[in-house]
Amino acid sequence: MRQRRKLGGWGKRFPLFFILCFVSLAVLFLPTHTLAEEKNTTNKVSFDAQAVLPDNQQSEASYYDLKVQPGAEQELTLKLQNTSKKQIQVIVEGNNAITNKNGSIDYSKHGAKLIGGPSFEELISEPQTVTLNPGEARDVSFQLKIPAEGFDGTILGGFYCYEDTKGQEKKDEGFSLKNKFAYTIGAKLSCSDKEIQPGLALKKVTPGLDNGYLTVFAEMENTQPILMSKLAMHATVTKKGQKDILKVLDKKISFAPRTSFRLPISWNNEPLKKGKYELTMHLKNDAGKKWVFRKEFEIKGTDEKLNKQAVEVKDTKDYSWLLYLIGIVFLGIILGLIVYIYKLKSKDR
Numbered sequence: 001m002r003q004r005r006k007l008g009g010w011g012k013r014f015p016l017f018f019i020l021c022f023v024s025l026a027v028l029f030l031p032t033h034t035l036a037e038e039k040n041t042t043n044k045v046s047f048d049a050q051a052v053l054p055d056n057q058q059s060e061a062s063y064y065d066l067k068v069q070p071g072a073e074q075e076l077t078l079k080l081q082n083t084s085k086k087q088i089q090v091i092v093e094g095n096n097a098i099t100n101k102n103g104s105i106d107y108s109k110h111g112a113k114l115i116g117g118p119s120f121e122e123l124i125s126e127p128q129t130v131t132l133n134p135g136e137a138r139d140v141s142f143q144l145k146i147p148a149e150g151f152d153g154t155i156l157g158g159f160y161c162y163e164d165t166k167g168q169e170k171k172d173e174g175f176s177l178k179n180k181f182a183y184t185i186g187a188k189l190s191c192s193d194k195e196i197q198p199g200l201a202l203k204k205v206t207p208g209l210d211n212g213y214l215t216v217f218a219e220m221e222n223t224q225p226i227l228m229s230k231l232a233m234h235a236t237v238t239k240k241g242q243k244d245i246l247k248v249l250d251k252k253i254s255f256a257p258r259t260s261f262r263l264p265i266s267w268n269n270e271p272l273k274k275g276k277y278e279l280t281m282h283l284k285n286d287a288g289k290k291w292v293f294r295k296e297f298e299i300k301g302t303d304e305k306l307n308k309q310a311v312e313v314k315d316t317k318d319y320s321w322l323l324y325l326i327g328i329v330f331l332g333i334i335l336g337l338i339v340y341i342y343k344l345k346s347k348d349r
């Protein structure tokens with residue numbers, strides 16, 4: 001009579017070993033997820049700010065759009081209101097308009113320098129700190145003085161209004177994040193009807209880090225007193241003398257009058273590699289006028305140290321051989337299991 005042969009201890013454990021191997025490999029290639037802790041935030045707006053528009057307002061805009069005369073002086077008045085149930089202090093600054101790194105008009109930087117003058121900060125009186133009781137509304141006035149010789153083109157600035165919260169930060173258990181809210185009331189001044197021609201320039205291109213990420217910066221200038229809004233931009237980076245596009249950036253950008261800024265072009269977390277490159281930039285306004293800029297730049301060996309300083313860099317090494325090796329080992333385990341079971345069944349017969 002044929003007897004059924006029982007599998008030994010290893011024979012019983014071999015399928016379990018195979019399952020454990022499979023699970024281990026699966027876990028190895030599963031993506032890792034991090035659960036972020038929610039943070040307490042304070043998002044309440046505590047005041048309101050509006051422009052009191054004067055008689056020389058040129059348009060129906062809610063900001064100051066003024067036609068001024070050479071040597072003229074006038075008051076610009078803002079209405080502030082405390083919408084909270086506590087006493088607050090509001091700081092109001094008359095600031096120059098600049099172009100920030102995103103290609104947007106920014107009024108938040110007091111003391112920002114322009115290319116030439118006069119500037120809005122030179123024409124407007126000093127910043128003020130206003131104390132407002134709960135629910136209180138108050139007019140705040142600034143003195144505007146136009147040079148005797150007047151000016152050509154456009155002077156662009158604005159009033160940047162924000163709550164002074166120094167010493168008032170709430171100390172809660174854990175992490176507390178207090179957002180800073182501000183009102184910006186623009187001021188656009190014109191004095192003559194002289195037509196100004198744009199003066200855009202691409203000065204230089206340099207590699208660097210933008211918030212820890214690998215980037216090349218295109219230094220742009222608008223040297224003329226003219227506001228250029230919402231230009232369509234298409235920028236590409238290639239190796240010098242080659243046509244293959246390595247990086248591309250498409251966006252809308254605006255240029256404040258007589259400002260310069262550094263436009264970041266992401267390197268997409270890829271390591272910087274030394275060599276000579278070329279940036280080509282196309283700009284187009286709503287009227288169809290076009291500008292084309294080309295600038296060669298070099299990534300030097302010393303610039304490659306930025307790769308180690310970056311918060312994230314893609315590993316460009318080829319690890320496909322490792323995947324093939326794992327696949328071969330995995331296939332070997334399966335074949336080994338099949339052969340082992342087949343031999344056991346043959347002995348049973």
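Every letter in the sequence shown is one number past the one before it in full-length UniProt numbering, and letter 29, counting from 1, is 29.
Note that beta-carbon positions come from the ideal geometry of N, C-alpha and C, so glycine has one too.
Comparing C-alpha positions only, which one of the options sits nearest to residue i?
i, options, result
"residue 140", "337, 78, 50, 335", "78"
"residue 72", "147, 126, 113", "147"
"residue 201", "118, 181, 259, 157", "259"
"residue 213", "204, 308, 47, 93", "308"
"residue 279", "188, 239, 62", "239"
"residue 44", "181, 224, 223", "181"
"residue 303", "344, 287, 209, 281", "209"
"residue 59", "203, 101, 189", "189"
"residue 76", "123, 108, 262", "123"
"residue 187", "241, 231, 243, 107", "107"
"residue 70", "149, 227, 56", "149"
"residue 265", "234, 284, 83, 290", "234"
"residue 262", "231, 54, 222", "222"
"residue 220", "343, 345, 102, 52", "102"
"residue 129", "283, 286, 165", "165"
"residue 236", "227, 197, 277", "277"
"residue 275", "227, 288, 207, 284", "207"
"residue 125", "110, 111, 145, 118", "145"
"residue 56", "46, 49, 74, 92", "74"
Since residue i sits in a beta bridge, which residues does DSSP pair it with?
i, result
"residue 64", "187"
"residue 275", "299"
"residue 74", "144"
"residue 263", "218"
"residue 253", "231"
"residue 193", "Beta-bridge pairing links residue 193 to no other residue."
"residue 48", "81"
"residue 210", "213"
"residue 385", "Outside the displayed span of the chain (1 to 349) sits residue 385, for which this structure offers no information."
"residue 245", "238"
"residue 309", "According to DSSP, residue 309 bridges with nothing at all."
"residue 404", "Shown here, the chain extends from 1 to 349; a query on residue 404 therefore has no answer."
On the CB-based measure, 16 or more other CB atoms within 10 Å of its CB, does residue i come out buried or exposed?
i, result
"residue 215", "buried"
"residue 68", "buried"
"residue 331", "exposed"
"residue 61", "exposed"
"residue 99", "buried"
"residue 335", "exposed"
"residue 338", "exposed"
"residue 163", "buried"
"residue 87", "exposed"
"residue 155", "buried"
"residue 192", "exposed"
"residue 143", "exposed"
"residue 116", "exposed"
"residue 301", "exposed"
"residue 121", "buried"
"residue 161", "buried"
"residue 345", "exposed"
"residue 329", "exposed"
"residue 90", "buried"
"residue 323", "exposed"
"residue 326", "exposed"
"residue 242", "exposed"
"residue 54", "exposed"
"residue 224", "buried"
"residue 298", "exposed"
"residue 343", "exposed"
"residue 205", "buried"
"residue 211", "exposed"
"residue 229", "exposed"
Please decide whether residue i counts as near chain B, where near means a Cβ-Cβ distance under 9 Å.
i, result
"residue 330", "Within the model displayed, chain B is absent; a lone protein chain is all it includes."
Less than 8 Å between the CB of residue i and some heavy atom of the ligand SAH, yes or no?
i, result
"residue 63", "In the structure shown, the ligand SAH is absent, as is every other ligand, since no ligand is present at all."
Is the segment 230 to 247 touching the segment 261 to 273 in the sense that three or more CB pairs, one from each, lie closer than 8 Å? yes
Restricting to runs no shorter than 3 residues, where is the beta strand (DSSP E) found entirely within the segment 214 to 240? 228 to 239
Quick check for students: name the residue ranges of the alpha helix (DSSP H) that lie wholly in the segment 87 to 161, counting only runs of 4 or more. 120 to 123
At least three beta-carbon pairs within less than 8 Å, the segment 294 to 304 to the segment 249 to 265: no
Inter-stretch contact (C-beta, 8 Å, three-pair minimum) for the segment 129 to 136 and the segment 51 to 66: no
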